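Going down the list, the sequences are from chains U and P.
For the first sequence, UniProt numbering gives the first residue as 1, with consecutive numbering after it.
For the second sequence, UniProt numbering gives the first residue as 1, with consecutive numbering after it.
Backbone N, C-alpha and C fix where the C-beta goes; we use that ideal spot for every residue, glycine too.
Keep in mind that this is a model prediction, so the values were computed, not measured.
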Amino acid sequence: MSTDNVVDHDTVPPANKALLAVAGVLLAIPMIALLWVGSYAKKDPELWGFPFFIWYQFMWVFLCSAMTFTAYKLVLKARPHRPMTNVDSRESGR
Amino acid sequence: MNALAPTAAHTGVNGVALTVLIVLFVLVTGMGFWATRWRRADSMESLDEWGLGGRRFGTWVTWFLLGGDLYTAYTFVAVPAAMFALGSVSGFFAVPYTIVLYPIIFIFMSRLWSVSHRHGYVTPADFVKGRYGSRGLSLAVSITGILATMPYIALQLIGIQAVLEVAGVGGSNALAKDLPLFIAFALLAAYTYSSGLRAPAVIAFVKDTLIYLVIIVAVIYLPTKVGGWDHIFSAAQHKMAKPSVANPAKPTGAFIPSNQQYWAYATLAFGSALALFMYPHSITATLSSSSRNTIRRNASILPAYSFVLGLLALLGWVAIAAGTKPIGLDGKPNAQLVIPQLFEDKFPSWFAGVAFAAVAIGALVPAAIMSIAAANTFTRNIYRDWIKPDATHAQEAKVGKLVSLLVKAFALVFVLALDKQNAINFQLLGGIWILQTLPAIVVGLYTRWFHKWALLAGWAVGMVYGTIAAYNVINPTTKGHFGGSLAMIPMIGQMGYIAMTALVINLLIATVATVLLKALKVAGGPDETIKGDYFADAGDPRVEKHLAMDAHLTTGAP
Numbered sequence: 001m002s003t004d005n006v007v008d009h010d011t012v013p014p015a016n017k018a019l020l021a022v023a024g025v026l027l028a029i030p031m032i033a034l035l036w037v038g039s040y041a042k043k044d045p046e047l048w049g050f051p052f053f054i055w056y057q058f059m060w061v062f063l064c065s066a067m068t069f070t071a072y073k074l075v076l077k078a079r080p081h082r083p084m085t086n087v088d089s090r091e092s093g094r
Numbered sequence: 001m002n003a004l005a006p007t008a009a010h011t012g013v014n015g016v017a018l019t020v021l022i023v024l025f026v027l028v029t030g031m032g033f034w035a036t037r038w039r040r041a042d043s044m045e046s047l048d049e050w051g052l053g054g055r056r057f058g059t060w061v062t063w064f065l066l067g068g069d070l071y072t073a074y075t076f077v078a079v080p081a082a083m084f085a086l087g088s089v090s091g092f093f094a095v096p097y098t099i100v101l102y103p104i105i106f107i108f109m110s111r112l113w114s115v116s117h118r119h120g121y122v123t124p125a126d127f128v129k130g131r132y133g134s135r136g137l138s139l140a141v142s143i144t145g146i147l148a149t150m151p152y153i154a155l156q157l158i159g160i161q162a163v164l165e166v167a168g169v170g171g172s173n174a175l176a177k178d179l180p181l182f183i184a185f186a187l188l189a190a191y192t193y194s195s196g197l198r199a200p201a202v203i204a205f206v207k208d209t210l211i212y213l214v215i216i217v218a219v220i221y222l223p224t225k226v227g228g229w230d231h232i233f234s235a236a237q238h239k240m241a242k243p244s245v246a247n248p249a250k251p252t253g254a255f256i257p258s259n260q261q262y263w264a265y266a267t268l269a270f271g272s273a274l275a276l277f278m279y280p281h282s283i284t285a286t287l288s289s290s291s292r293n294t295i296r297r298n299a300s301i302l303p304a305y306s307f308v309l310g311l312l313a314l315l316g317w318v319a320i321a322a323g324t325k326p327i328g329l330d331g332k333p334n335a336q337l338v339i340p341q342l343f344e345d346k347f348p349s350w351f352a353g354v355a356f357a358a359v360a361i362g363a364l365v366p367a368a369i370m371s372i373a374a375a376n377t378f379t380r381n382i383y384r385d386w387i388k389p390d391a392t393h394a395q396e397a398k399v400g401k402l403v404s405l406l407v408k409a410f411a412l413v414f415v416l417a418l419d420k421q422n423a424i425n426f427q428l429l430g431g432i433w434i435l436q437t438l439p440a441i442v443v444g445l446y447t448r449w450f451h452k453w454a455l456l457a458g459w460a461v462g463m464v465y466g467t468i469a470a471y472n473v474i475n476p477t478t479k480g481h482f483g484g485s486l487a488m489i490p491m492i493g494q495m496g497y498i499a500m501t502a503l504v505i506n507l508l509i510a511t512v513a514t515v516l517l518k519a520l521k522v523a524g525g526p527d528e529t530i531k532g533d534y535f536a537d538a539g540d541p542r543v544e545k546h547l548a549m550d551a552h553l554t555t556g557a558p
């Protein structure tokens with residue numbers, strides 16, 4: 001392996017910061033939405049007899065799932081895996 | 001047995017249900033003992049075989065084991081019981097808790113997976129030792145893990161007891177009442193001892209089949225039987241608005257949280273979510289996945305489980321509409337019995353028996369996994385690090401087995417000593433303790449800014465504060481200590497989950513102490529991880545520096 005290819009693994013792998021930030025926002029939204037209890041602690045509007053308080057939280061199961069999955073795809077794109085190829089020589093040199 | 005039964009007719013022995021329960025129970029006990037032959041190893045005399053099932057569990061077995069962490073007596077007995085007795089603030093917070101759980105897993109568990117993969121960490125205490133070069137901090141984390149697991153196991157035992165009581169087993173005096181529990185416990189202890197992690201892995205198949213069957217039938221059938229969801233919600237609202245028996249100035253519970261309860265609801269949900277994956281058993285299960293991305297992918301699929309959990313929680317309110325009277329064999333009301341009682345009242349006896357078995361077996365599997373994880377933690381982070389560094393594999397396996405018995409015995413002490421009326425507190429009490437390891441573990445995944453002694457100081461203060469605050473919560477009905485998990489949040493003046501207050505205090509102490517220690521130039525320990533470790537994936541080479549000593553733990557698929 002030529003020295004040009006040697007990577008210092010004691011650094012953070014490069015990433016698309018903007019995409020990572022979007023993923024972070026997607027993960028934060030469900031947490032904020034559910035921890036802001038005042039926004040949904042009410043009975044109306046009802047849906048099929050379910051108070052808003054109940055069905056709103058059930059709805060977030062699906063929204064959160066979708067957002068986490070989108071965040072997963074974004075993170076894969078933002079920071080492709082950097083294999084630790086030349087790490088053995090580094091380890092022995094420490 | 002009949003002589004011991006109280007006057008309330010429906011709490012007598014239900015012969016058919018009890019027979020079905022016993023048959024299924026005997027079946028899984030047999031499977032538990034047989035499990036030692038499953039994927040038989042050359043020798044069971046190592047921690048790797050006993051405590052990690054030889055690390056040969058594929059995706060499916062791991063999935064069932066993870067299900068064991070999720071569907072427990074907490075889901076089946078404690079959450080619906082809390083909904084039945086005290087309403088949404090005490091019970092329904094489990095839904096947002098299990099929703100926000102997954103973004104949290106997504107964010108930090110993939111990092112923990114990567115660094116553990118590179119360094120062969122099996123427990124959170126392993127990571128803390130490597131990251132901070134501190135055996136003391138690692139000891140604190142492992143003790144907390146074991147301590148916090150005990151009330152969680154105790155919660156499982158309460159689930160088993162609730163089923164047995166509704167089926168009519170046990171008597172009115174203390175000994176007869178707890179005897180069936182002791183027998184179930186002894187069987188569990190015996191096959192966990194002999195088969196290790198293989199036992200819950202084998203039984204988990206039966207457990208999940210029974211649980212899904214019962215949940216689907218119950219959630220579809222019961223609401224139509226008691227007059228529809230409209231009626232269920234109005235009955236629940238009516239009950240929660242009535243004056244409380246213990247304190248007539250207050251309502252019985254919350255139908256929808258009032259604005260004084262927003263902090264309580266949010267901190268219970270968020271605190272429980274942060275706490276869950278600090279437990280030894282959840283971390284072991286997560287680290288057993290085959291790659292970094294498996295965790296992140298799963299995090300986006302697993303919330304489906306929260307939906308079913310929400311429906312189960314609502315069964316507590318279905319029981320209100322159905323007029324379920326959870327009366328124990330001692331003739332006193334006991335909310336923990338509400339779900340088994342609902343099944344007994346509304347279903348044919350044979351199906352009630354299946355439901356009882358689902359709850360009882362559903363409690364056995366996680367109890368076994370938890371006690372094994374606690375035993376692994378003890379063996380690896382206390383026994384080998386502090387007592388006998390040159391322990392052989394056989395010695396480690398022996399210690400692990402014995403500790404799994406001890407952990408269960410202590411869990412039994414929790415069952416007998418603490419107030420069982422509101423069993424959900426057992427899980428919340430464990431959460432108060434385990435959350436105090438978060439700064440060392442989770443913050444440590446991102447930065448080593450905190451000093452190891454500062455983290456230890458923060459942990460100690462958080463533990464003491466949390467325990468005292470929880471001790472001071474008096475149950476208004478029974479006057480017992482540890483009666484709840486909510487206390488006034490200093491500065492904010494609202495009720496909140498003690499674990500979160502303790503965590504904030506913990507972080508404050510750790511921050512101040514870090515600044516002081518850095519000003520005094522006190523050296524921190526060596527860090528054996530490098531930045532790249534936190535982004536490693538399957539296929540990356542591993543650091544095998546302790547190869548000679550613990551090859552059996554650092555190699556093999558994590």
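For residue j and residue i, the rounded distance between their alpha carbons
i: A94/P; j: H231/P; result: 23 Å
i: T72/P; j: L157/P; result: 10 Å
i: A190/P; j: A184/P; result: 10 Å
i: T447/P; j: N298/P; result: 26 Å
i: W449/P; j: T514/P; result: 8 Å
i: D390/P; j: I382/P; result: 13 Å
i: A167/P; j: I160/P; result: 11 Å
i: L27/P; j: L222/P; result: 28 Å
i: L139/P; j: G458/P; result: 15 Å
i: M31/U; j: A269/P; result: 10 Å
i: S504/P; j: S142/P; result: One detail in the question is off: residue 504/P reads as Val in this sequence, not Ser. Going by the C-alpha atoms only, they are around 21 Å apart.
i: H552/P; j: S282/P; result: Confidence is the limiting factor: at H552/P the pLDDT is only 39, short of 50, which leaves the residue's position unreliable, though a coordinate-based value still follows. About 21 Å.
i: V473/P; j: L429/P; result: 11 Å
i: F356/P; j: F535/P; result: 45 Å
i: Y132/P; j: F378/P; result: 19 Å
i: H10/P; j: A487/P; result: At H10/P the pLDDT is 46, less than 50, meaning the model places this residue with poor confidence; the figure from the coordinates comes in the next sentence. Their backbone Cα atoms lie some 38 Å apart in a straight line.
i: residue 559/P; j: D126/P; result: Outside the shown range of chain P (1 to 558) lies residue 559/P, about which nothing can therefore be said.
i: P490/P; j: A460/P; result: 19 Å
i: F50/U; j: M495/P; result: 27 Å
Minimum C-alpha distance to residue i - residue among the options
i: A186/P; options: A538/P, I283/P, Q494/P and A409/P; result: A409/P
i: residue 563/P; options: H451/P, V443/P and I434/P; result: Any answer about residue 563/P is impossible in this case: the structure gives chain P only from 1 up to 558.
i: S88/P; options: M84/U, V37/U and V75/U; result: V37/U
i: G480/P; options: A487/P, I489/P and A470/P; result: A470/P
i: V226/P; options: A254/P, G323/P and S272/P; result: G323/P
i: L34/U; options: P80/U, D10/U, M84/U and I54/U; result: I54/U
i: Q261/P; options: A15/U, K42/U, I29/U and A21/U; result: K42/U
i: A417/P; options: T284/P, M150/P, S134/P and K239/P; result: M150/P
i: P303/P; options: L456/P, F482/P, P103/P and L342/P; result: P103/P
i: G196/P; options: A358/P, L520/P and N376/P; result: N376/P
Residue i: first and last residue of the uninterrupted alpha helix (DSSP H) it sits in
i: residue 120/U; result: Residue coverage of chain U in this structure runs from 1 to 94, which leaves residue 120/U outside it and unanswerable.
i: G91/P; result: S88 to G91
i: V7/U; result: Looking at the DSSP string, V7/U is not in any alpha helix (DSSP H), and its letter there is neither H nor E.
Contact set between residue i and chain P, taken where Cβ atoms lie within less than 7 Å
i: A41/U; result: I256, P257 and Y262
i: V37/U; result: P257, Y262, Y265 and A266
Residue i: contacting residues in chain U (beta-carbon distance under 7 Å)
i: G228/P; result: G49
i: V95/P; result: Q57
i: D537/P; result: H81
i: Y102/P; result: C64 and T68
Chain P residues whose Cβ lies nearer than 9 Å to that of residue i
i: Y72/U; result: F106, N293, R296, R297, A299 and S300
i: Y19/U; result: Note on residue identity: the sequence assigns Leu, not Tyr, to residue 19/U. Within chain P, no residue comes near L19/U; the closest Cβ sits about 15 Å away, beyond 9 Å.
i: P14/U; result: Ordered by position in chain P, no residue passes the 9 Å Cβ test against P14/U, which lies about 11 Å from the chain.
i: V22/U; result: Per Cβ cutoff of 9 Å: no residues; V22/U is ~14 Å from chain P at best.
N-terminal and C-terminal residue of the beta strand (DSSP E) that residue i is part of
i: L157/P; result: Unbroken run through L157/P is the alpha helix (DSSP H), R135 to V166; no beta strand (DSSP E).
i: A394/P; result: No beta strand (DSSP E) holds A394/P; the alpha helix (DSSP H) holding it covers H393 to A417.
i: L486/P; result: L486 to M488
i: residue 582/P; result: As shown, chain P starts at 1 and ends at 558. That puts residue 582/P outside it, with no answer to give.
i: M109/P; result: From DSSP, M109/P is part of no beta strand (DSSP E); its letter is neither H nor E.
i: Y497/P; result: M495 to Y497
Closer than 8 Å at the beta carbon, the chain P residues around residue i
i: D10/U; result: I530, K531 and G532
Where residue i meets chain U, residues with beta-carbon distance less than 9 Å
i: F233/P; result: K43, E46, G49, F50, P51 and I54
Heavy atom of the ligand COA within 8 Å of residue i beta-carbon
i: N259/P; result: Here there are no bound small molecules, and the ligand COA is not part of this structure.
Proximal residues of chain B, C-beta to C-beta of residue i below 8 Å
i: V25/U; result: Included in the structure are the protein chains U and P, with no chain B among them.
Cβ contact (3+ pairs, closer than 8 Å) linking the segment 108-126 of chain P and the segment 344-356 of chain P: no
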